[in-house]
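Taking it in order: structure first as structure tokens, then the write-up.
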Amino acid sequence: MLAKRSYLLNAAYSWVSDNDMTPYLLVDATHEQAVLPMEFVKDGQIVLNLSMSAVRHLIMDKEAVSFEARFGGKPMQVYVPIAAALALYAKENGDGFVFPEEEFEPAPDPVDPQPPKKGFTLKVVK
Numbered sequence: 474m475l476a477k478r479s480y481l482l483n484a485a486y487s488w489v490s491d492n493d494m495t496p497y498l499l500v501d502a503t504h505e506q507a508v509l510p511m512e513f514v515k516d517g518q519i520v521l522n523l524s525m526s527a528v529r530h531l532i533m534d535k536e537a538v539s540f541e542a543r544f545g546g547k548p549m550q551v552y553v554p555i556a557a558a559l560a561l562y563a564k565e566n567g568d569g570f571v572f573p574e575e576e577f578e579p580a581p582d583p584v585d586p587q588p589p590k591k592g593f594t595l596k597v598v599k
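Going by our numbering, the sequence shown wraps up at 599, each residue one higher than the last.
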């Protein structure tokens with residue numbers, strides 16, 4: 474079964490943005506697949522500003538949230554697996570959603586595809 478968290482995350486993001494507020498994402502920074510600015514992590518968590526003025530190329534899908542942002546003036550590509558997303562709320566009033574505990578299936582190991590054969594092959598056609 475697909476995880477509910479990705480659907481709730483998208484809904485919460487839309488709701489906060491549609492109300493002209495700033496969406497903040499609370500992240501479990503200890504997740505092994507998370508790529509985060511570790512110098513800003515406190516107590517194993519980090520809060521990320523997901524507003525359109527703060528991030529570029531925001532992608533929220535069933536596997537992760539990813540985007541480009543600047544932290545301390547340095548550009549960085551951020552990757553937050555859905556399992557590491559803990560809550561999404563509005564900066565202005567704290568209203569939002571804490572995501573329920575869920576079991577997540579481990580990500581499948583990437584399969585190395587066979588490289589395409591080079592050159593042409595000929596067949597005899599009768």
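By construction, the Cβ of each residue, glycine as well, lies at the ideal position given by its N, Cα and C atoms.
So, for residue i: in the same chain, excluding its five sequence neighbours on each side, which residues have a beta-carbon less than 8 Å away from its beta-carbon?
| i | result |
| --- | --- |
| residue 544 | 510, 512, 513 |
Which of the three DSSP states is assigned to residue i in this structure?
| i | result |
| --- | --- |
| residue 483 | helix |
| residue 493 | coil |
Hey, out of the options, whose CA is closest to residue i's CA?
| i | options | result |
| --- | --- | --- |
| residue 556 | 491, 541, 576, 567 | 576 |
| residue 568 | 475, 493, 532 | 493 |
| residue 546 | 531, 503, 527 | 527 |
| residue 521 | 488, 549, 597 | 549 |
| residue 519 | 525, 503, 540, 564 | 503 |
Below 7 Å CB to CB, which residues in the same chain sit around residue i once its five sequence neighbours on both sides are set aside?
| i | result |
| --- | --- |
| residue 558 | 478, 482, 498, 500, 538, 572 |
| residue 495 | 522, 524, 563, 564, 565 |
Considering only residues of the same chain and omitting the five flanking positions on each side of residue i, which have a CB-CB separation below 6 Å?
| i | result |
| --- | --- |
| residue 566 | none |
If contacts are defined as beta-carbon pairs under 8 Å, then residue i and residue j qualify, I think. What distance do you get, rounded to the angstrom?
| i | j | result |
| --- | --- | --- |
| residue 552 | residue 485 | Between residue 485 and residue 552 the Cβ distance is about 19 Å, and since that is not below 8 Å, they are no contact. |
Report task. Counting only runs of 3+ residues fully inside the stretch 505–576, write out the beta strand (DSSP E) ranges in chain order. Result -> The beta strand (DSSP E) runs lying completely inside the stretch 505–576 and spanning 3 residues or more are 518–522, 529–533, 537–544, 547–554, 558–563, 569–571, given in chain order.
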